[in-house]
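These notes concern the structure reproduced below.
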Amino acid sequence: MSAVQDLPPLREALAAHGLMAKKSFGQHFLLDLNITRKIARLAEVGPGDVVIEVGPGPGGLTRALLETGAKVVAVEKDERFRALLEELVEASGGTMRLVLGDALEANEAELAGGGPAHIVSNLPYNVGTPLLIKWLTGPWTPASLTLMFQKEVADRIAAAPGTSAYGRLAVIAQATCEARVVMDVPARAFTPPPKIDSAVVRLLPRADRPAPKRLDALQAVTAAAFGQRRKMLRASLKALGGEPLAVAAGLDPQARAETVDVAGFLRLADAWTTLRQGRG
Ligand code: SAM
273 MSAVQDLPPL REALAAHGLM AKKSFGQHFL LDLNITRKIA RLAEVGPGDV
323 VIEVGPGPGG LTRALLETGA KVVAVEKDER FRALLEELVE ASGGTMRLVL
373 GDALEANEAE LAGGGPAHIV SNLPYNVGTP LLIKWLTGPW TPASLTLMFQ
423 KEVADRIAAA PGTSAYGRLA VIAQATCEAR VVMDVPARAF TPPPKIDSAV
473 VRLLPRADRP APKRLDALQA VTAAAFGQRR KMLRASLKAL GGEPLAVAAG
523 LDPQARAETV DVAGFLRLAD AWTTLRQGRG
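Those letters in the sequence shown? Residues 273 to 552, per the numbering used here, in order.
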C-alpha cells in the first residue's frame with residue numbers, strides 16, 4: 273500500500289487541521305474517494321503523465337490522481353491548506369508538488385516543467401469560466417482538460433447550435449476543443465453542498481486549434497453577435513461590418529447568432545480580419 277492510501281480519511285484530516293470551507297474561495301469539497309477516483313479515471317491519466325490540479329483543497333481529487341501514478345502539480349490559493357497539503361506531498365514520495373498561489377496568475381508551461389500536461393480540477397465556481405477561457409485561448413495548450421463546473425456552465429460549454437445554452441462559451445470551447453459532458457454530480461456529493469448540481473466536462477484540444485490572432489477575432493465576432501443574441505446578424509454585427517460582413521462569411525444576414533455553427537463563426541472571424549486588413 274502506498275503512503276497516500278495510509279493517510280487518514282479526508283474528514284479526519286480536515287478536522288485535525290481545524291479547516292472549514294470558505295465561501296469566498298468557492299470551496300465545496302469532494303470527500304468521497306469513489307467520486308474522485310471516477311473523475312481521475314475519466315481524466316485518463318496515469319504513470320508518466322503530468323497533471324496540473326487547480327484548487328486541491330483537502331486533497332481528495334489529488335489523492336485519486338496520485339493513485340493513478342501521475343505526477344501532480346497542485347495550485348492552491350488558500351494558505352490555510354498548506355500544512356494539510358504538505359502532508360500529502362510528503363506521502364506522495366516525490367510525485368506531488370504544491371504551489372501556493374492564484375491559478376489565474378499561474379504560468380502553466382512553467383508548472384508543467386516544459387512538457388505536456390493535463391488539467392484536472394473541481395473548479396472554484398467564482399473563477400471557473402475565466403480559468404477555462406485562459407486555458408482555451410492562452411499561449412499554452414493543455415494535453416486535455418477534465419473539469420467540474422456548475423451543471424448550467426457545463427451545458428453551455430458543450431451546447432449545440434439552435435439551443436438556448438449555445439453562446440460564446442460553446443463557440444470558443446468547441447473551436448479549440450472536442451467538448452463533452454462526461455459525468456453529472458449531484459449537489460449532495462459536495463461538503464458543504466452548493467445550491468445547484470454540477471457536471472464534469474472533458475475537453476480535448478483540436479489539432480487544428482485556431483492560432484491566437486484568429487481566436488482574438490473569434491472572441492470579437494462572438495461578443496458582438498451574442499451581445500445582442502435576439503437581433504439578426506446584420507444588426508448585431510453592425511459595428512463590425514453588418515450585412516456585407518455576414519454575406520462575406522457565407523451567412524444569412526437575417527439569421528440570429530444562436531443558429532450559426534462553430535464553422536460559421538470561424539468564417540465570420542476570418543471575413544472580419546480580411547475586412548479590417550482591407551481598411552488597414
Ligand atoms: N479539489 C478540492 C475537492 O474537490 O474537494 C476542492 C475543490 S473547491 C470547489 C475549489 C478549490 O479551489 C478550493 O480549495 C479553493 O481554495 C481553491 N481556489 C479558489 N480560487 C482559486 C484560485 N484562483 N487559484 C487556485 N485555487 C483556488
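Backbone N, C-alpha and C define an ideal beta-carbon position, used for all residues, glycine too.
To the nearest angstrom, how far is it from the Cα of residue i to the Cα of residue j?
i	j	result
Phe415	Glu362	Before going further, note that residue 415 is Ala rather than Phe in the sequence given. Using only the alpha carbons, I get a separation of about 27 Å.
Ala472	Val457	In the sequence under discussion, the amino acid at residue 472 is Val, which differs from the Ala named in the question. So the two alpha carbons sit approximately 8 Å from each other.
His289	Lys295	18 Å
Leu523	Thr435	18 Å
Ala451	Phe297	26 Å
Met292	Thr334	18 Å
Phe301	Thr367	22 Å
Leu509	Ala389	38 Å
Ala535	Glu515	18 Å
Leu540	Gln549	14 Å
Tell me the DSSP secondary structure of residue i in three-state form.
i	result
Arg528	strand
Ser296	helix
Leu505	helix
Ala287	helix
Ile307	helix
Val534	helix
Pro516	helix
Glu316	coil
Glu377	coil
Met273	Reliability of the predicted coordinates at Met273 is poor, the pLDDT of 41 falling under 50, and the value obtained from them is presented with this limitation in mind. DSSP places Met273 in coil when its eight states are reduced to three.
Arg478	coil
Ala336	helix
Leu302	strand
Asp488	helix
Ala511	helix
From the options, pick the residue whose C-alpha is nearest to that of residue i; which is it?
i	options	result
Leu441	Leu286, Pro411, Ala495 and Gly386	Ala495
Val345	Gly327, Trp412 and Phe353	Gly327
Lys503	Tyr438, Gln526 and Gln491	Gln526
Leu356	Leu286, Ser470 and Ile429	Leu286
Arg428	Pro464, Asp480, Thr409 and Glu530	Glu530
Val519	Arg528, Arg506 and Ala447	Arg506
Those runs of the beta strand (DSSP E) which lie wholly inside the stretch 399-465 and span at least 3 residues: 416-422 and 449-457, all fully within the stretch 399-465.
Ranges of the beta strand (DSSP E) found wholly within the stretch 340-390, counting only runs of at least 3: Here the runs fully enclosed are 343-348 and 368-372.
Neighbourhood of the ligand SAM [Cβ distance below 6 Å to any heavy atom], ordered by chain position: Listed by chain position, these are Phe297, Gly298, Gln299, His300, Phe301, Leu302, Val326, Gly327, Pro328, Gly329, Pro330, Gly332, Leu333, Val347, Glu348, Lys349, Asp350, Asp374, Ala375, Leu376, Asn394, Pro396 and Val399.
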